[in-house]
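Visitor:
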Amino acid sequence: MERTEWLLGGVSVLEPMTALTDFIITAVCLVAYVRLRRTSKANGGYMPHYPHFFLTMGLCTLFAGLMSHAFAYFFVEPLLTKPQIALLDWSDKFAYHIHNMPNWLFNITSASLFELSLVDRAADLAPDISRKRWLATITAESILVLALMIFYVDYNVAAAHIAFTLYAVLVPLQLMVKKHQFGSEQKLLLIGAGVMLFSGPVMATKFQLSPWFNHNDISHILIATSMFIFYKSATITLQNGIHSLKTSDDSSR
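Last residue of the sequence shown? That's 253 in my numbering, and every number before it is there in order.
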């Protein structure tokens, strides 16, 4: 697929809509980070992983927009197609993708932080959920994903990690807490996961409205929408969690 290009003041910007939609995700996530961090700090640091999930996701798409799309030519030359990259040996492939590593690593980190947030909240709501067992699983999974990404030097490993986070962690945990609580907080998480689910077929089929608004751009809009929905759920989580903690403290006095 040929890359689209804008010339702005003599500066070449590759895949401008893909970069722009990356920056939309960044904006949603950084606003969420600032607001959730302020709320968390004001209330004793409850759910500390949630704000940092949004921070790392925002940094992931910021680096992706700048280094993997808009100004990729600045970091690697010539730009290769995926079939050409697949023919490279491991060392050449790693060298070619070195500029992508920041957003790939932030991607893995953000997914792991999201999982930690989900487990922390679920364990608060459902005493039968073993926090230690889930944390051990998340740690092993994150190490495995990092090792596989280094071995294959392929973003699809990070993408698979996101899918695992949503459909092997988020969905089961919400079902496990359903008998204890199933309100707007849980429903929004499932809706967000459902919205992001559509990005899979879009990417697989490379569906596009035009070369200037392709499968990457559509997927980014879906992801930005999911991030906003997750932010709304996180807001409810902090409000409900903080309220329940205060109620518990008051009853113990």
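In this text, a Cβ means the ideal position worked out from N, Cα and C, and glycines have one as well.
Identify, in the order they occur along the chain, each residue of the same chain with its Cβ nearer than 6 Å to the Cβ of S233, setting aside the five sequence neighbours on each side.
Guide: Contacts found: E185, L188 and L189.
Visitor: Quick one, which of M101, D128 and V171 has its alpha-carbon nearest D154's?
Guide: Checked all of M101, D128 and V171; the closest Cα to D154 is M101.
Visitor: Based on DSSP bridge pairs, tell me the residues matched to E5.
Guide: Answer by DSSP bridge pairing, in chain order: L14.
Visitor: Return the residue from the list L55, M67, A126 and Y96 that minimises the CA-CA distance to A111.
Guide: Of L55, M67, A126 and Y96, the residue nearest in Cα terms is L55.
Visitor: What are the start and end residues of each continuous alpha helix (DSSP H) run of 4 or more residues lying completely inside the segment 191 to 229, in chain order?
Guide: The qualifying runs are 199 to 205.
Visitor: What do you get for Y167, buried or exposed, if any count of 16 or more other CB atoms within 10 angstroms of its CB means buried?
Guide: Flag for Y167 reads exposed.
Visitor: Using 8 Å as the Cβ pair cut-off and three pairs as the minimum, do the segment 85 to 95 and the segment 137 to 147 touch?
Guide: No, the segment 85 to 95 is not in contact with the segment 137 to 147.
Visitor: Short of 7 Å in beta carbon distance, which residues of its chain neighbour M196, apart from the five on each side in sequence? Order them along the chain.
Guide: For M196, where only same-chain residues beyond five positions count, the Cβ hits under 7 Å are L166, L222, I223 and S226.
Visitor: Going by CA-CA distance only, name the one from V28, I24, G192 and V202 that's closest to S219.
Guide: Checked all of V28, I24, G192 and V202; the closest Cα to S219 is V202.
Visitor: How far does the alpha helix (DSSP H) with L116 in it reach, from first residue to last?
Guide: Looking at the DSSP string, the run of the alpha helix (DSSP H) that includes L116 is M101 to L125.
Visitor: Is it the case that the CB of L135 approaches a heavy atom of the ligand ZN more closely than 8 Å?
Guide: Of ligands this structure carries none, so the ligand ZN is not represented either.
Visitor: Check the Cβ-Cβ distances between V145 and every residue of chain C, and say whether any is below 9 Å.
Guide: No chain C is present in this structure, which holds just one protein chain.
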